[in-house]
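Mapped onto the working numbering, the consecutive letters of the sequence shown carry residue numbers 171 to 316. Please read the structure below before turning to the comments.
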Amino acid sequence: MGFLSKGTVVADSAFAVYDAPMWLFGILTSKIHMAWVKIVGGRLETRYRYSAQLCYNTFPFPKISEEKKKQIESAAEEVLLCREDYPDKTLADLYDPDKMPDNLRQAHHALDLIVESCYQDKPFENDEERLECLFKLYEKMTKKEK
171 MGFLSKGTVV
181 ADSAFAVYDA
191 PMWLFGILTS
201 KIHMAWVKIV
211 GGRLETRYRY
221 SAQLCYNTFP
231 FPKISEEKKK
241 QIESAAEEVL
251 LCREDYPDKT
261 LADLYDPDKM
271 PDNLRQAHHA
281 LDLIVESCYQ
291 DKPFENDEER
301 LECLFKLYEK
311 MTKKEK
């Protein structure tokens, strides 16, 4: 996931959020969002398939303050800056769990802590806790729509 120039054509299997704010990038690249994608999204072979209808539109995210958005934005910018330290590497190389650069791993950890603080005061222990929280919020969200 990243930012593309205006002239980029997005392939049919990819998604674009036009004029997305940096804080949204931070949320979408967070561990809690990935936990959601792994459960509600589809799979093609061993790869996850992202769906606007199943993943993006249904992702429960609490209303947050402008200050919290700025914190997420700052952490997300740090992730992108860390990626820039490795111009010769692809995203697949950078995100290989065995080869991920320490500074990028640390930047993502910091981002995850900020994003997760939007849900509760303490970090989640694991994806099971993240999903329990998300499904409770999803249930509330869908009850309001009925």
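Think of the CB as a built atom: it goes at the ideal place given N, C-alpha and C, for glycine as much as any other residue. None of the values given here were measured: they were computed from a predicted structure.
Return the first residue and the last residue of the alpha helix (DSSP H) that residue i is part of.
| i | result |
| --- | --- |
| lysine 208 | 201 to 210 |
| lysine 292 | Unbroken run through lysine 292: none, as it is neither H nor E. |
| leucine 224 | Leucine 224 -> no alpha helix (DSSP H), and no H or E assigned at all. |
In terms of alpha-carbon separation, which member of the options lies closest to residue i?
| i | options | result |
| --- | --- | --- |
| lysine 201 | Arg300, Phe305, Asp291 | Arg300 |
| cysteine 225 | Lys259, Glu215, Lys208, Arg217 | Lys208 |
| glutamine 241 | Glu302, Ser287, Lys310 | Ser287 |
| proline 191 | Ala245, Asn296, Met311 | Ala245 |
| isoleucine 234 | Met204, Val285, Tyr256 | Val285 |
| serine 221 | Met204, Glu237, Glu236 | Met204 |
Determine the contact status of residue i and residue j, defining contact as a CB-CB distance below 8 Å.
| i | j | result |
| --- | --- | --- |
| glutamate 243 | glycine 196 | yes |
| lysine 239 | tryptophan 206 | no |
| threonine 264 | leucine 274 | Per the sequence presented here, residue 264 reads as leucine, with threonine not at that position. A contact, by the Cβ cut-off of 8 Å. |
Measure the beta-carbon distance from residue i to residue j and round it to whole angstroms, keeping in mind my assumption that it falls under 8 Å.
| i | j | result |
| --- | --- | --- |
| threonine 199 | valine 210 | Contact doesn't hold; Cβ gap of about 17 Å is too wide. |
| tyrosine 289 | proline 232 | 6 Å |
| alanine 277 | glutamate 254 | No, alanine 277 and glutamate 254 are not in contact; Cβ-Cβ is about 11 Å, not under 8 Å. |
| proline 230 | leucine 281 | At roughly 18 Å, the Cβ-Cβ gap does not stay under 8 Å, so proline 230 and leucine 281 are not in contact. |
| leucine 283 | proline 293 | 6 Å |
Residue i: beta carbon under 7 Å from a heavy atom of the ligand NAD?
| i | result |
| --- | --- |
| threonine 228 | Among the components of this structure there are no ligands whatsoever, and the ligand NAD is therefore not found. |
Please list the segments of the alpha helix (DSSP H) lying wholly inside the segment 227 to 297, counting only runs of 4 or more residues, in order along the chain.
Restricted to the segment 227 to 297, the alpha helix (DSSP H) segments that are unbroken, complete and at least 4 residues in length are 236 to 254, 261 to 264, 272 to 286, listed in chain order.
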